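Trainee: My questions will all concern the structure given below.
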Amino acid sequence: MLIHYNDQYFKIFGKISDNENDELVAEFSRFDLGHINSLWRYAGFKFNGILNGKAYISHFYSNPHFFSELKVDSFKINDEKLGDVVVNSVWDNEEKAISLQAFAKRGNLKTISIEGEYFPYKNGLLNFDISLEKLRLNLFDPYIQSLASNLKGLASGDLKVLGTLKKPLFNGDLNLQKTSFTVNYLKTPYFLTHKVNIRDNNILLNDLTVIDQFGNKSTVNGSVTHNFFRNFKFNIAINANRFQFLNTQIADNSDFYGTAYATGLVQIQGSPKNITMDIKAKSERDTRIFIPLSGQEQITEYDFISFYRPGQDEEKETGNGNYKVNLSGIQMNFDFEVTPDAEIQLIFDPAVGDIIRGRGNGNLKMQISTLGKFSMFGNYVVEEGDYRFTLMNFINRSFDIDPGGEITWTGSPYDANMNIKAIYETKTSLNNLFGSIGADESTGSNTSTVQCIISMTENLMSPKIKFDIELPNAEEEWKEKVKNEISTNEDLNKQFLALLVTGKFVPSNQEGFESSPYSSVANGNASEFLSNQLSHWLSQINNNVDISVNLRNDNQLKRNDVEMALSTQLFNDKLTFYGNVDYQTSNTNNKVQSSSKLVGDVELDYKINKSGKLRIKAFHHSKDDLSMSYIEGKPYTQGVGFVYKEEFNTLGELWRRYWNSFNKVEDKEEVNNN
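If you want it as structure tokens, here you go:
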């Protein structure tokens, strides 16, 4: 019998008979062990390597003789190279057993040595001695991949193997050297060098020292049990002292992320597919936890300012308001005593740095179920912190958090109640508010301390926002005067914005505000703010249509512009339409002459082929006011054309690509003709 593929083969020749001179031979030549993986898998192991050698059997009916000489080049288990393997075996007729000697050699190092007997007529009993010398631990990575990854290190020691081929029992001690792994969910790398005791189906961990990436230590006790290398179960306790328990980025977990150091107890129980982690700890210094809030829809609305995120991540929120993280098979229970050593940040808008940053005290409990549901309970009291207030990328001011502010969670991490006050303090004169007539010479012209206060209460995701302005060091008479001057919400909003933008009050009457030297700054900011609000509201009409509005005014040119742009994709995204309309008005002397002009641009882009490399484009554009063709009475330009795009690194690569495509077409035509 011969089985071959290219230069590799497996063949059996000879015969079995009563003749003592007859023998049956099995020969392997460059046989790839990868072929057997689809036929036989044992406990998750995958084998690779090139097998050469022969096995002989004779005297089969009387006094069987058997021996083999086999060699496996570049032998791998689970894609981890063990080296070259030599296997010699012989049949012990007296013991009715196969006596085997084998070793794996990587360079000059024998990583594995095996010697012993296999008893096929005694239910497959095993009796082997195994010696390991700097065996790489990477090959065991598949067994822990649901909990940890990047397993590295070396193992040395002696093991006794008893039991049967189907139910082997290992006993001995292994020294783990330069061992490291990363806990998947926490993204924390850990390191250890220690002895591990193996007793039958138990791996015992006794006072094992684990070190984080900064040299902090924890002590591990417990066991890992298995049913003959199946159905692994963990029962582990970790006592940690200022140990790193979290090292994640927003890409790892958009619900919360950061770096956490803690002192406490961690208990791990269960199987890799259904494991429970209980963590009870106190936060330590250098802990920074980030909770993004910009990942949710409308979170704040006020008459003057709105905070929002366009769109909702459907994968994060279910229909009943339960928020989920991408975690399966792991139940995590956190019981944290939060101290001022830890910094917690609530991120409203990471792009512009709209963040509440605080340190304080509290007891927080977090639960993450095996289905990924994330719950949070407890109360957090802010001792100190700041709020980075931003508006339309223009205003950026740091507010100090008033001590005693609270955030309380009762379930969903985003359904919390908050009561926080933030204060921005500046010094300015009251002259601008009252005018030269209303301000007292002794007080109005001198600078006074002014506080801009933002109060955020009720729901964390849609808090009630309240603005206020106070003069903490002024006399009651002046406090009352300021209160009377800023008597409406409109007045309060205007003065609040002026103080943030310019650090000064503006005249309380509208006419005075417009003529002030910083009115253009405030008006420009208001125009930009209004433009973005209109764009957001209009885009909500249809998710497939993007609408933007831009309002501009130019006091020097005495011109106002209203620009609206619309873009959408049609016919399964094959046709892209973009339109832009600009309505301009101008005044030459405020009273007599005025003019208006409507200009617009249109672009069409159509994908001719599926890849989009070949397109047809058409456009109708208005020209700039100062261009020569505009002056000559030709304010528009039109065009149509084909566009072909091909990406390549070198001209040689492009040439080979087209040459191969041309040859394929010729071959296909030749086949069709035949």
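Quick note: the sequence shown, position 648, residue 883 per my numbering, numbers continuous. Here a beta-carbon is modelled for each residue, glycine too, at the ideal position from N, C-alpha and C. Remember, predicted model here, so these are calculated numbers, not experimental data.
Report the rounded CA-to-CA distance for glycine 874 versus proline 585, giving the unit in angstroms.
Mentor: The straight-line gap from Cα to Cα measures roughly 42 Å.
Trainee: How close, in whole Å, do the beta carbons of glutamine 730 and isoleucine 704 come, if the pair is a contact with beta carbons under 8 Å?
Mentor: Going by Cβ atoms, the distance from glutamine 730 to isoleucine 704 rounds to 6 Å, so yes, they are a contact pair.
Trainee: Need the endpoints of the alpha helix (DSSP H) that proline 585 sits in, please.
Mentor: Taken as a continuous stretch (DSSP letters only), proline 585 belongs to no alpha helix (DSSP H), as it is neither H nor E.
Trainee: Over what stretch of residues does the alpha helix (DSSP H) that includes glutamine 730 continue unbroken?
Mentor: 724-737 is the span of the alpha helix (DSSP H), which, as asked, contains glutamine 730.
Trainee: Does DSSP put phenylalanine 449 in a helix, a strand or coil?
Mentor: Phenylalanine 449 falls in the coil class under three-state DSSP.
Trainee: Could you tell me whether the Cβ atoms of leucine 404 and glycine 392 are closer together than 7 Å?
Mentor: Not a contact, by the Cβ cut-off of 7 Å.
Trainee: Does DSSP put histidine 270 in a helix, in a strand, or in coil?
Mentor: The answer is helix: DSSP assigns histidine 270 an H, G or I state.
Trainee: Kindly list the residues whose CB is nearer than 7 Å to the CB of arginine 477, restricted to its own chain and excluding five residues on each side of it in sequence; keep chain order.
Mentor: Asn451, Tyr496, Thr498, Glu519.
Trainee: Who are arginine 594's beta bridge partners in DSSP?
Mentor: Glu578, Glu619.
Trainee: With distances taken from CA atoms, which of Leu317, Phe571, Ala709 is nearest glycine 595?
Mentor: Closest option to glycine 595, Cα to Cα, is Phe571.
Trainee: Using DSSP's beta-bridge definition, name the partner residues of isoleucine 379.
Mentor: Answer is none; isoleucine 379 lacks a bridge partner.
Trainee: Expressed to the nearest angstrom, what Euclidean distance is found between the alpha-carbon atoms of tyrosine 871 and threonine 625?
Mentor: Their backbone Cα atoms lie some 40 Å apart in a straight line.
Trainee: In chain order, what residues of the same chain lie with their CB nearer than 8 Å to the CB of threonine 645, ignoring the 5 residues before and after it?
Mentor: Phe612, Ala651, Asn652, listed in sequence order.
Trainee: Any idea what DSSP makes of asparagine 654, helix, strand or coil?
Mentor: Three-state result, asparagine 654: strand.
Trainee: Would you report the Cα separation of asparagine 708 and serine 683, rounded to the nearest angstrom?
Mentor: Rounded to whole angstroms, asparagine 708 to serine 683 spans 8 Å at the Cα level.
Trainee: Looking at the strands, I want to know which residues DSSP matches up with glycine 318.
Mentor: Glycine 318 pairs with Phe310.
Trainee: For leucine 374, name the three-state secondary structure that DSSP assigns.
Mentor: It is helical.
Trainee: Apart from the five residues on each side of it in sequence, which residues of its chain come closer than 7 Å, Cβ to Cβ, to aspartate 267?
Mentor: Gln243, Ile285, listed in sequence order.
Trainee: Assuming valine 501 contacts isoleucine 473 under a Cβ cut-off of 8 Å, what Cβ separation, rounded to an integer in Å, is found between them?
Mentor: Sure, about 4 Å apart at Cβ, within 8 Å.
Trainee: Taking one C-beta from the segment 341-361 and one from the segment 437-455 each time, how about it: are there three or more such pairs within less than 8 Å?
Mentor: The segment 341-361, when compared against the segment 437-455, does not touch it at the 8 Å Cβ threshold.
Trainee: Spatial neighbours of leucine 305 within its chain, please: C-beta separation below 6 Å, excluding the five flanking residues on both sides.
Mentor: Contacts found: Gly288, Val322.
Trainee: Tell me which residues share the same chain as leucine 810 and place their Cβ nearer than 6 Å to its Cβ, disregarding the 5 neighbours each side in the sequence.
Mentor: Tyr841.
Trainee: What is the C-beta distance between tyrosine 649 and methionine 696, in whole angstroms, given that I count them as a contact (C-beta under 8 Å)?
Mentor: About 5 Å separates the two Cβ atoms, so the contact holds.
Trainee: Output needed for lysine 714: all residues of its chain with C-beta closer than 7 Å, excluding positions within five of it in sequence on either side, in chain order.
Mentor: Answer for lysine 714: Leu706, listed in chain order.
Trainee: Measure the C-alpha to C-alpha separation of aspartate 621 and alanine 486 and round it to an integer number of angstroms.
Mentor: In a straight line, the C-alpha of aspartate 621 is about 25 Å away from that of alanine 486.
Trainee: Just the Cα atoms here: how many angstroms apart are arginine 341 and threonine 399?
Mentor: Between arginine 341 and threonine 399, the C-alpha separation is close to 29 Å.
Trainee: Our contact map puts aspartate 513 next to asparagine 598 with C-beta atoms below 8 Å; I'd like the distance itself, whole angstroms only.
Mentor: That belief does not hold up - the Cβ atoms of aspartate 513 and asparagine 598 are roughly 15 Å apart, past 8 Å.
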